[in-house]
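Participant: In the working numbering, the protein residues as written are 62 to 137.
Spelled out as structure tokens, the structure:
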């Protein structure tokens, strides 16, 4: 069995997490929760399409917000 080296903590490492306002907004949008109230996102039935298939949409179970980001684009 081969010897595995363990990771070593770098000397003098200091992590200072202070996101900008824009970084915080993006982080909140990526969370699996409502970006307004923090409630759980569930798929709620909205009706049927012209072929009779059920249509679901993401909805907050707490505040009933339906304006949930579907695609997040970020850049520098």
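Glycine residues also receive a C-beta, built at the ideal position from the N, C-alpha and C atoms.
Here the structure is a predicted model, which means the values were calculated and not measured.
Using C-beta distances below 8 angstroms, list every residue in its chain close to residue 104, excluding the 5 sequence neighbours before and after it, in chain order.
Facilitator: Hits under 8 angstroms: 117, 118, 119, 120.
Participant: Decide if the stretch 90-102 is in contact with the stretch 121-132; the criterion is three or more beta carbon pairs, one per stretch, under 8 angstroms apart.
Facilitator: With the cut-off at 8 angstroms, the stretch 90-102 and the stretch 121-132 touch.
Participant: Between the C-alpha atoms of residue 76 and residue 64, what's the straight-line distance to the nearest angstrom?
Facilitator: Straight-line Cα distance between these residues: approximately 30 angstroms.
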